[in-house]
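Whatever position you read off the sequence shown (first residue = 1), add 11 for this note's numbering.
Heads up, the beta-carbon is just placed ideally off N, CA and C, and yes, glycines get one too.
Here is the structure we will look at, set down as structure tokens.
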Amino acid sequence: APQPSAISEALKAFPSLTAQAPVPPPPAEPPVMEPEAAEPIAAGAAPEPEKTAAVPIPDELPVAPEARNQVLSAVRRASIKVVGELFNNYVLAEAGEQFVMIDKHAAHERILFERFRTRECKDRQTLLKPVQVLLTADEISALQELEDTLEKCGFTFDFSNAPVVQMTGVPLSCAELDLDQIAADLAANCRKHHAQPDLHLLDDMFHDLACKAAIRAGDHNTLEELQSLAVQVWENDRIRHCPHGRPVMFLLSKYQIEKQFKRIQN
């Protein structure tokens, strides 16, 4: 067999076989596209979305009743629609671009108070079994003096068997209450105020009646009942506080909500 040295000497006669093949150049890298310059985004901040038109509403409604009512009147352009209830006490609704939350007990209490106070209790229930209460001569005299006022509020009495007096009719909103206690309370309040039967002097009696007759927190109410309550509150500027002074509702605009979620940056 030929030795390796002999093979090497033979190949020298053919230089094309021993020359190294040229190494092809490396493929060109694709061009790198420079990104467009962008404004830096602060840490934790979301990109600003396309802005939507919103009615600018103050973060807090004015304290003065007149100013508050002006703000409410300015945004009350759409009918109110109940969308739910929170904690079985707070009515959730929307009106245009406003989110509205209503305390149903406070609202109903004020509605009933206004009905008593303005003598607009049109729904009266005649009692199949009249409530009988034993009264003093002063209490009977006071009830008789204010009988017309009480009748306009929905209460009717029969004095034919005095000193036992029968309460024969009550406002529908009071029909499920302790009527014996209501009859006694009415007699006591009338005796207290009969010398000056001014509308405002009877307010404490109407406060008490409205509070006892109003919807309670935790009561189950249908969507239709909540809608009726919301409409009465939304359309009546007087229904803003309960008789004890607590607020009935508050507003939050779509603008404020979107700003809270940082969908709007200014």
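Comparing alpha-carbon positions, which option in A117, A228, E246, A198 lies nearest Q155?
Of A117, A228, E246, A198, the smallest CA-CA separation from Q155 is found for A198.
Delimiting residues of the beta strand (DSSP E) encompassing S152
For S152, there is no enclosing beta strand (DSSP E); the enclosing alpha helix (DSSP H) has its first and last residue at 148-156.
Which residue from V242, R202, I250 puts its Cα closest to that of D149?
R202
Look up P182 in the DSSP assignment and give the residues it is bridged to.
R135
Just checking, does the segment 113-124 make contact with the segment 249-269 on the three C-beta pairs under 8 Å criterion?
yes
What are the residues that DSSP puts in a beta bridge with Q177?
Q177 pairs with Q143, D169.
Between the Cα of N100 and the Cα atoms of N277, A221, E236, T137, which residue gives the shortest distance?
E236
Excluding sequence positions up to five away, which residues of its chain have a Cβ less than 6 Å from the Cβ of I275?
E269
Please state whether DSSP places A241 in a helix, a strand or coil.
helix
Does the segment 133-146 come within contact of the segment 101-111, defined as at least 3 CB pairs closer than 8 Å?
Too few Cβ pairs lie closer than 8 Å, so no.
Count the other C-beta atoms from every protein chain shown that fall within 10 angstroms of the C-beta of F127, then say buried if there are 16 or more, exposed otherwise.
buried
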